[in-house]
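Shown next, in structure tokens, is the structure this report addresses.
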Amino acid sequence: MLASDWVLLSGKAMSSGTDTDPEDTLIVAIEVLDAAVRRRALQLTPRSAEGAALQAELIGRCIRAAADPEATAEDRRRALALAATGLRHLTDYLTSR
Numbered sequence: 356m357l358a359s360d361w362v363l364l365s366g367k368a369m370s371s372g373t374d375t376d377p378e379d380t381l382i383v384a385i386e387v388l389d390a391a392v393r394r395r396a397l398q399l400t401p402r403s404a405e406g407a408a409l410q411a412e413l414i415g416r417c418i419r420a421a422a423d424p425e426a427t428a429e430d431r432r433r434a435l436a437l438a439a440t441g442l443r444h445l446t447d448y449l450t451s452r
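The sequence shown runs 356 to 452 under my numbering.
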């Protein structure tokens, strides 16, 4: 099941009986799927320069997310752990070239 399907079916995006716009529900589902894809991309070792560049960008996004003053301590911890994972995989790629 796709992450977007899970969000829609589980009621995470819109509980029954609310006046939530279906388009908003779709946006939330897409954001959840996007986050899942980005998380997975940081858990893999790149195989090309383009993949390494994407991973570097995603690592930067994680670091910026951790620096957000509105982020909770748990959000910061999670973002930095994900950045560290991505950095290990990026380092593997860079040192194997």
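Yeah, the Cβ is synthetic: ideal placement off N, Cα and C, and Gly gets one too.
Treat the numbers as computed from the prediction; the structure is a model and nothing was measured.
(1) Which of the three DSSP states, helix, strand or coil, is assigned to A408?
(2) Which value, in whole angstroms, describes the spacing of the CA atoms of D430 and R452?
(3) Evaluate the contact criterion for the segment 419-427 versus the segment 394-409: three or more CB pairs, one atom per stretch, below 8 Å.
(4) Hey, out of A439, T400, A438, L435, whose CA is closest to T450's CA?
(5) Evaluate G459 with the Cβ neighbour count: other Cβ atoms within 10 Å of its Cβ, from every protein chain shown; 16 or more gives buried, anything less gives exposed.
(6) Just how far apart, CA to CA, sit L413 and R393?
(7) Which same chain residues, not among the five before or five after S371, have their C-beta less than 8 Å away from its C-beta?
(8) Would you tell me roughly how many angstroms separate the C-alpha atoms of A436 and R395, rounded to the nearest one?
So, to answer that:
(1) Helix, per DSSP.
(2) About 33 Å.
(3) At 8 Å Cβ cutoff, the stretches do not touch.
(4) With distances taken between Cα atoms, T450 lies closest to T400.
(5) Limits of the chain in this structure are 356 at one end and 452 at the other, which puts residue 459 out of reach.
(6) Taking the Cα positions, L413 is about 7 Å away from R393.
(7) Model confidence at S371 stands at a pLDDT of 48, short of 50, so the residue's coordinates are unreliable; what they give is reported in the following sentence. Within the same chain, and ignoring the five residues on either side of S371 in sequence, no residue has its Cβ closer than 8 Å to its Cβ.
(8) Put simply, the backbone Cα of A436 is about 13 Å away from that of R395.
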